[in-house]
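Heads up: the structure comes next, in structure tokens.
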Amino acid sequence: MAYYRRVGEVPPKRHTQHRDGGGRLYYEELMGEEGFSSDSSLLYHRDIPSAITDSRPWEIPDVATTPNHPLKPRHLKLHDLFPKDVWADTDVVTGRRLILGNGDVRISYAVGMAPSPLYRNALGDEVVYVESGAATVETVFGVLSVKEGDYVVIPMSTTHRWLPEGDEPLRAYAIEANGHVAPPKRYLSRYGQFLEHAPYCERDLHGPEEPLVVDETDVEVFVKHRTSSGVVGTRLTYARHPFDVVGWDGCLYPFTFNVHDFEPITGRVHQPPPVHQVFEGPGFVVCNFVPRKVDYHPLAIPVPYYHSNVDSDEVMFYCGGDYEARKGSGIGQGSVSVHPGGVAHGPQPGAYERSIGVEFFDELAVMVDTFRPLELGEGGLACEDSAYAWTWAGGRRS
């Protein structure tokens with residue numbers, strides 16, 4: 001983000017002495033992207049932020065993947081992955097089950113009511129969509145209040161933890177990048193301000209409002225990182241709690257953005273998916289399809305035309321409303337469709353015709369398009385509806 005914020009106590013000049021009321025120095029931590037060449041924030045800690053006392057392996061959830069071979073469209077039923085009897089003991093960090101992944105992005109799902117450990121993703125930024133439930137997300141920058149429909153965007157290496165609230169489980173759809181996530185460049189001025197044609201703006205982004213200071217010793221942080229052999233985990237023990245920041249300022253911080261604050265772009269005829277884009281990352285984009293008026297040309301066909309995305313795989317997470325184009329396929333709330341490059345896809349039989357004359361779609365979905373083929377994680381394999389690929393042919397398989 002290039003949207004400057006200042007929270008808590010910071011000195012008038014950066015990289016100068018900053019002391020508490022007793023004269024004790026605070027310790028600066030510059031958290032920045034691309035080796036001092038991109039967005040950053042400057043945090044002021046009570047204690048030395050690099051003081052660790054132990055390092056042990058963390059056996060992260062299974063991240064092995066299986067190629068989509070033989071090639072076919074797939075329907076994954078995410079609500080089948082977490083039965084009610086496991087919710088109380090599951091958290092949305094260590095409980096994630098990998099649905100899909102490639103060298104650029106991993107998509108996981110988790111349902112739980114347990115607090116997560118302190119966690120840091122050192123591989124890239126995370127975009128976590130909250131399908132349902134509520135939580136407080138405590139971070140080194142401060143606290144985020146999270147509710148249904150929120151995207152929670154957490155910069156790479158931000159220490160944080162998820163604390164579910166209420167009587168309902170937290171359902172989290174986690175998009176983990178191998179790099180940084182940002183609004184599409186076409187929405188921004190050359191200096192980083194949202195432009196007038198953008199479907200959301202700075203007012204829709206909600207970051208921490210005040211510091212969170214916790215005084216504890218010997219605190220464990222779960223860190224996800226990469227070695228030459230792949231994605232691994234480490235449990236670091238810190239001498240003092242990482243949440244000891246009295247103030248920070250800069251353009252890099254976690255924030256929430258609610259899907260209902262996205263203003264849809266429509267037209268006389270059907271608009272392509274890029275008009276629904278909300279974020280971009282290395283090798284993928286994120287779009288959302290929200291309730292909206294649809295095409296108003298007198299001869300318009302409002303559902304999507306059949307299309308072949310020759311350069312990408314398309315993943316759609318159906319998280320609300322009634323998705324017109326997929327009626328009759330078995331897809332519903334909590335479903336994921338995977339339409340890979342190399343296979344044409346589009347509305348289910350009958351949806352094309354039924355949409356003529358429709359003026360409004362009440363649908364909610366999060367889409368991820370990747371530019372490298374996606375493979376199936378163990379979670380995806382465990383919840384597949386094997387009949388989906390044949391639904392355009394009336395369920396027939398040769």
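Heads up: the sequence shown begins at 1 in UniProt numbering, then just goes up one per residue.
Even glycine gets a Cβ: it sits at the ideal position worked out from N, Cα and C.
Just so we're clear, the structure is a prediction, and the values are computed from it rather than from any experiment.
The shortest C-alpha to C-alpha distance from E314 to any of V303, G8, G103 and V336 is the one to V336. In this chain, the alpha helix (DSSP H) harbouring E378 covers E378 to A382. A direct Cα-to-Cα measurement between V219 and R235 gives close to 10 Å. Three or more beta-carbon pairs separated by less than 8 Å link the region 32-47 to the region 245-264, which places the two stretches in contact. The continuous stretches of beta strand (DSSP E) do not include Y305, and DSSP gives it neither H nor E. A residue is called buried once 16 or more other Cβ atoms fall within 10 Å of its Cβ, and A365 is buried on that count. For R354, the enclosing alpha helix (DSSP H) begins and ends at A351 to R354. Close CB contacts of A344 within its chain, under the 6 Å cut and outside five residues either way in sequence, are with Y306 and S308 (chain order). Annotation: P57 to V259 spans about 37 Å, alpha carbon to alpha carbon. Looking at the backbone, the Cα of G149 and that of L381 are separated by about 26 Å. Taking C-beta atoms as the reference points, G133 and L170 count as a pair closer than 7 Å.
Taking 3 residues as the shortest admissible run, the region 168-212 contains the following complete beta strand (DSSP E) segments, listed from N- to C-terminal end: 170-177. In the displayed model, R372 falls within coil according to three-state DSSP, outside both helix and strand.
Counted as a single uninterrupted DSSP element, the beta strand (DSSP E) harbouring G250 occupies residues V245 to G250. For the set G179, P164 and Y129, the Cα lying nearest the Cα of A122 is the one of G179. About 4 Å separates the CB atoms of P211 and G8; that is less than 8 Å, so the two are in contact.
When the beta-carbon positions are compared, T158 and L118 stay at least 7 Å from each other.
Comparing alpha carbon positions, the residue from L195, V153, E33 and R240 closest to G207 is V153. A straight-line Cα-Cα distance of about 21 Å links V128 and P291. The residues Y129, E131, Y173, Q333, G334, L364, A365 and V366, in chain order, have a CB closer than 8 Å to that of C319 in the same chain once the five nearest residues on each side in sequence are set aside. D89 and L205 have their C-alpha atoms some 31 Å from each other. The C-beta distance from P199 to F262 rounds to 5 Å, short enough to fall under 8 Å.
DSSP places R5 in the uninterrupted beta strand (DSSP E) bounded by R5 to G8.
Judged by DSSP secondary structure, R240 falls within the beta strand (DSSP E) whose first and last residues are G230 to R240. For L71, same chain residues with a beta-carbon under 8 Å away, outside a window of 5 residues either side, are P340, G342 and V343 in chain order. Taking every protein chain shown into account, the CB of V214 has fewer than 16 other CB atoms within 10 angstroms, so this residue is exposed.
In this structure, D91 places its C-beta atom within 7 Å of the C-beta atom of G112. In this structure, S329 and T266 do not form a Cβ contact; the two beta carbons are roughly 24 Å apart against a cut-off of 8 Å.
Under the DSSP assignment, H45 falls in the beta strand (DSSP E) whose first and last residues are S40 to H45. The beta strand (DSSP E) runs lying completely inside the region 253-284 and spanning 3 residues or more are 255-258 and 277-281, given in chain order. The continuous beta strand (DSSP E) containing V143 extends over residues G142 to V146. When secondary structure is reduced to three states using DSSP, V86 falls in the helix class. Annotation for H339: the continuous beta strand (DSSP E) segment containing it runs S335 to H339.
Taking C-beta separations shorter than 7 Å and ignoring five residues to either side along the sequence, the partners of H45 in its chain run Y26, Y27, E29, D244 and V245, following chain order. In the structure shown, H69 adopts coil according to DSSP, grouped into three states. Rounded to the nearest whole angstrom, the C-alpha separation of E34 and E375 is 28 Å.
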